[in-house]
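Protein chains in written order, with this note's numbering: chain G, 2 to 113; chain V, 137 to 220.
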């Protein structure tokens, strides 16, 4: 059982490392946000399960459940707010696919 | 095995730290800061799993997660109002 906890701790740390490497290497902002928002969340879940097995008290387990729930609630909200804010400030899209302004133009045309 | 996990976390923290220091725009720096705080949270949990003396309390992680969320949201409101 403790070997399983060790595997979970090391796997979570490896996933956090992959997130950091993605934030270092990816070419534009939204790719970096993709790497930095999702990989540490799953890493936190794995590490929390491993630590709850390894510590073994009920208090630590409930605290870790609370941490995981808080991260699962807050991480998508933060990533969404950041991507929305940076997309609003961006004049030229990063690739040539600009579906947001296409949809906004279509909404304005159908509204009038 | 503790050293393996901590070395992996250090490599990830180096990637996020590069993005925090050298990000071309302000949202890139916010991405780096958020990821760095996630690494800190994971590192505290890993360190608390190994210290069976209870020297590291796990309740500090709750505060770190909440500070990360408030920081990211406040900075993104700031970016939306002010720009890069």
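Cβ atoms here follow ideal geometry from the backbone N, Cα and C, with glycine treated the same way.
Because the structure is a prediction, the values reported are computed rather than measured.
Query: Burial state of residue 106 of chain G (16 or more Cβ within 10 Å); Result: exposed
Query: Contact belief for residue 177 of chain V with residue 200 of chain V at Cβ below 8 angstroms, rounded distance in angstroms; Result: 5 angstroms
Query: Chain C contacts from the stretch 61-78 of chain G (Cβ-Cβ distance under 8 angstroms); Result: Structure shown: chain C not included; protein chains present are G and V.
Query: Residue burial classification, residue 139 of chain V (beta-carbon count within 10 angstroms, cutoff 16); Result: exposed
Query: Under 8 angstroms from the C-beta of residue 140 of chain V: neighbouring residues of chain G; Result: 11, 14
Query: Option nearest residue 78 of chain G by Cα separation, candidates V:205, V:162, V:216, V:211; Result: V:205
Query: Nearest neighbour of residue 211 of chain V, chosen from V:165, V:148, V:145 [CA to CA]; Result: V:165
Query: Alpha carbon of residue 108 of chain G to alpha carbon of residue 100 of chain G, nearest angstrom; Result: 12 angstroms
Query: Beta-carbon proximity list for residue 52 of chain G, same chain, < 8 angstroms, skipping 5 on both sides; Result: 6, 10, 61, 65
Query: Secondary structure of residue 193 of chain V, DSSP reduced to three states; Result: coil
Query: Distance between residue 208 of chain V and residue 44 of chain G (C-alpha atoms, nearest Å); Result: 19 angstroms
Query: N-terminal and C-terminal residue of the alpha helix (DSSP H) that residue 151 of chain V is part of; Result: 138-158
Query: Neighbourhood of residue 42 of chain G by C-beta, 8 angstroms cutoff - its chain only, sequence neighbours within 5 removed; Result: 72, 73, 76
Query: Chain G within 8 angstroms of residue 157 of chain V, Cβ atoms only; Result: no
Query: Chain-ordered residues of the stretch 17-38 of chain G with a beta carbon less than 9 angstroms from chain V; Result: 17, 18, 19, 20, 21, 22, 23, 24, 25, 26, 30, 33, 34, 36, 37, 38
Query: Under the three-state DSSP convention, the category residue 104 of chain G falls into; Result: helix
Query: Cutoff 8 angstroms: residue 182 of chain V Cβ touching any chain G Cβ; Result: yes
Query: Within-8 angstroms CB hit, residue 101 of chain G to chain V; Result: no
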